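Here is the structure we will look at.
Protein chains: 2
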Amino acid sequence: MSFSPGSCSPVVSDTTATPSPSPKAQAARERLLDTAERLFAEHGFNGVSVRDITQQAGSRLADVNDHFGGKEGLFKDVIARRACLINVDRFARLDAILVGQPKPEAVRAWVEAFSVPLLMRAQESEGWRHYLRLIARLSTTRSGVLMLVADQFNPVALRFVAHLGLLLPHMDARQRLNAYQFMVACAMAVFVDNFRLDTLSDSAVRSSDFEANHANMVRFVAHGVLGMAA
Amino acid sequence: MSFSPGSCSPVVSDTTATPSPSPKAQAARERLLDTAERLFAEHGFNGVSVRDITQQAGSRLADVNDHFGGKEGLFKDVIARRACLINVDRFARLDAILVGQPKPEAVRAWVEAFSVPLLMRAQESEGWRHYLRLIARLSTTRSGVLMLVADQFNPVALRFVAHLGLLLPHMDARQRLNAYQFMVACAMAVFVDNFRLDTLSDSAVRSSDFEANHANMVRFVAHGVLGMAA
DNA sequence: GTCTATAGCTTGATAGAC
DNA sequence: GTCTATCAAGCTATAGAC
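If you read the protein sequences in the order shown, they are chains R and W.
Per the working numbering, the first sequence starts with residue 232, numbered consecutively.
Per the working numbering, the second sequence starts with residue 232, numbered consecutively.
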């Protein structure tokens, strides 16, 4: 798996070179992906039927099987469509960190390399926000179909863990993995947008205020990593 | 809702005073709760059928409706059965924190008041470990049925947020809520036990080593809270 | 490729005997 | 309360006309 800037090709499920999938068909495909993304994020894989998706996408029941090979194939394409775009941004930021700079700044940059690409996308479109909620949901899952998310994000995890080893070489393997694990958990908590903050504060603080919550998250995680390492 | 030590009554769904539900029936009830807990944690509410549960519990299909009023009632009872036990332990620890002690120790005690009760239970039985994985999973959810978890844990959240205001009075409302939110996220990450650490380390580090991961988590969160507040 | 119709199965819930 | 048998609805996937 490569993550060079140009490596995020539009999703193509089959290996045969389809010459041109017809613009109208392509639009229908995107509508199905968008609708599935939203519904999977809201109700989970098993909480959504192919009928729900095709009806709300204004499509036909059989389209999911014709275009994606079934419900599971549709789910996989939903995940894959946006994963690479995030990861390219992350690696660009990770590579820009200077190992020579002071530890607090470097660790903060390490956190932001992971999370700022999420924040940018969250501000970009509602589709991205649905995607981030879906990813957050999958991060607390371990069963069957949904584990393919791990395959999409394992290379990211390994590079971030390795990079943390460069910044703070005295951390042991468990500390580095825990640091990454807790960073992911906090980042997902920001973008899962589950109204928890609203409920607890009578809507004085909102889960949907990603910018403010993200800023606090970066401070929290950076200090957490440094403190755990000390 | 009260959380005095004796307030965790065995789960009784109806409001009428059932005199004695027969010991054999009670055992069957517990077996259904245990099995449902395990399967819901593994596959989610929608990923499990009533048939799955009753078959694996050695029970009859109709028992779920007869004893719990349906699948949803069973789910609610699974959640409620153990929630109060955790929260009683938490409040006992929270009340034992001396506001006079130095900040780092007090904040660490605040984190442990939340998380040590989870650790103790995780070491107690497999049933508890299933329960914790279920709770972790629900923490990244916001749809319908599953939101009742929020009702179970809102009083806890409010008291922890308020107590943090006593310890670090200069934090604003958003910072206190974010601190609690990130603590929950990190604690859930420890107990979700999703093999993520094992995968990334070739099993050199294990998600199931709750004690070691919890210890790092407490350090991480305590420093994160203090750092965010600074 | 597009689309209708439907097969074949599983779902949650219940009726009704005991 | 316990238990069997069954219902009506919904499910994913596909066959086959165009």
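Even glycine gets a Cβ: it sits at the ideal position worked out from N, Cα and C.
Everything numeric in this text was worked out from a predicted model, so none of it was measured.
Residue i at chain W interface by Cβ criterion, 9 Å
i: R/Asn-425; result: yes
i: R/Tyr-362; result: no
i: R/Leu-389; result: yes
i: R/Leu-399; result: no
i: R/Arg-298; result: Per the sequence shown, residue 298 of chain R should be read as His rather than Arg. No - not a single Cβ of chain W is within 9 Å of the one on R/His-298.
Interface partners of residue i on chain R, CB under 8 Å
i: W/Met-419; result: Thr-371 and Ala-416
Residue i: contacting residues in chain R (beta-carbon distance under 7 Å)
i: W/Arg-368; result: Thr-371 and Thr-372
i: W/Arg-450; result: Gly-458 and Met-459
Chain-ordered neighbours of residue i on chain W, where CB pairs are closer than 7 Å
i: R/Gln-406; result: Asn-447
i: R/Phe-412; result: Per the sequence presented here, residue 412 of chain R reads as Gln, with Phe not at that position. Those within 7 Å of R/Gln-412 in chain W are Ala-420, Arg-427 and Leu-428.
i: R/Asn-444; result: Asn-409
Chain W residues whose Cβ lies nearer than 9 Å to that of residue i
i: R/Thr-430; result: Ala-381, Asn-385 and Ala-388
Within-9 Å CB hit, residue i to chain R
i: W/His-274; result: yes
i: W/His-394; result: no
i: W/Gly-467; result: Since the first residue of chain W shown is 232 and the last is 461, residue 467 of chain W is not available in this structure.
i: W/Val-281; result: no
i: W/Ala-435; result: yes
i: W/Met-232; result: Any answer about W/Met-232 is weak, because its pLDDT of 47 lies below 50 and its placement is not dependable; what the coordinates show is given next. For W/Met-232, the answer is no, since every Cβ of chain R falls outside 9 Å of its Cβ.
Sequence-distant residues of its chain with Cβ nearer than 7 Å to residue i (five each side left out)
i: W/Ala-340; result: Ile-328
i: R/Asp-245; result: Here the model assigns R/Asp-245 a pLDDT of 49, short of 50, so the residue's position is not dependable, and the following value carries that caveat. Closer than 7 Å at the Cβ level, and outside the excluded window around R/Asp-245, lies no residue.
i: R/Arg-321; result: Ala-344, Phe-345, Pro-348 and Val-387
i: R/Gly-358; result: Asp-265 and Glu-268
i: R/Ile-310; result: Leu-379, Val-380 and Gln-383
i: W/Val-421; result: Phe-441, Asn-444, His-445 and Met-448
i: R/Leu-408; result: Val-392
Beta-carbon neighbours of residue i, restricted to chain R and to distances below 9 Å
i: W/Gly-278; result: Gly-275, Phe-276, Asn-277, Gly-278, Ser-374 and Gly-375
Nonlocal neighbours in the same chain, by C-beta distance under 6 Å from residue i, ignoring five residues either side
i: W/Ala-293; result: none
i: R/Arg-324; result: Ala-344
i: R/Val-456; result: Val-338 and Ala-410
i: R/Leu-365; result: Phe-271 and Ala-272
i: R/Arg-360; result: Ala-353
i: R/Ala-453; result: Val-338, Arg-339 and Val-342
i: W/Ala-314; result: Gln-383
i: R/Leu-263; result: Ala-288 and Ser-290
i: R/Met-232; result: Per-residue confidence for R/Met-232 stands at a pLDDT of 47, beneath the threshold of 50, marking its modelled position as unreliable; the derived number appears in the next sentence. For R/Met-232, where only same-chain residues beyond five positions count, the Cβ hits under 6 Å are Pro-386.
i: W/Leu-369; result: Leu-377 and Val-380
i: R/Asn-296; result: none
Cut-off 8 Å between Cβ atoms - residues of its own chain near residue i, not counting five sequence neighbours on either side
i: R/Phe-426; result: Ser-438
i: W/Val-436; result: Leu-428 and Asp-429
i: R/Val-330; result: Ala-337, Leu-397 and Leu-398
i: W/Thr-247; result: Any reading at W/Thr-247 is ruled out, since the residue's pLDDT is 46, under 50, leaving its predicted position unreliable.
i: R/Ile-317; result: Pro-348, Leu-349 and Arg-352
i: R/Pro-335; result: Ala-453 and Leu-457
Going along the chain, which residues of the region 303-322 of chain R sit with their C-beta nearer than 7 Å to a C-beta in chain W? Answer set for the region 303-322 of chain R: empty.
Quick one: which residues of the region 284-295 of chain R get their C-beta closer than 8 Å to a C-beta of chain W? List them in chain order. none
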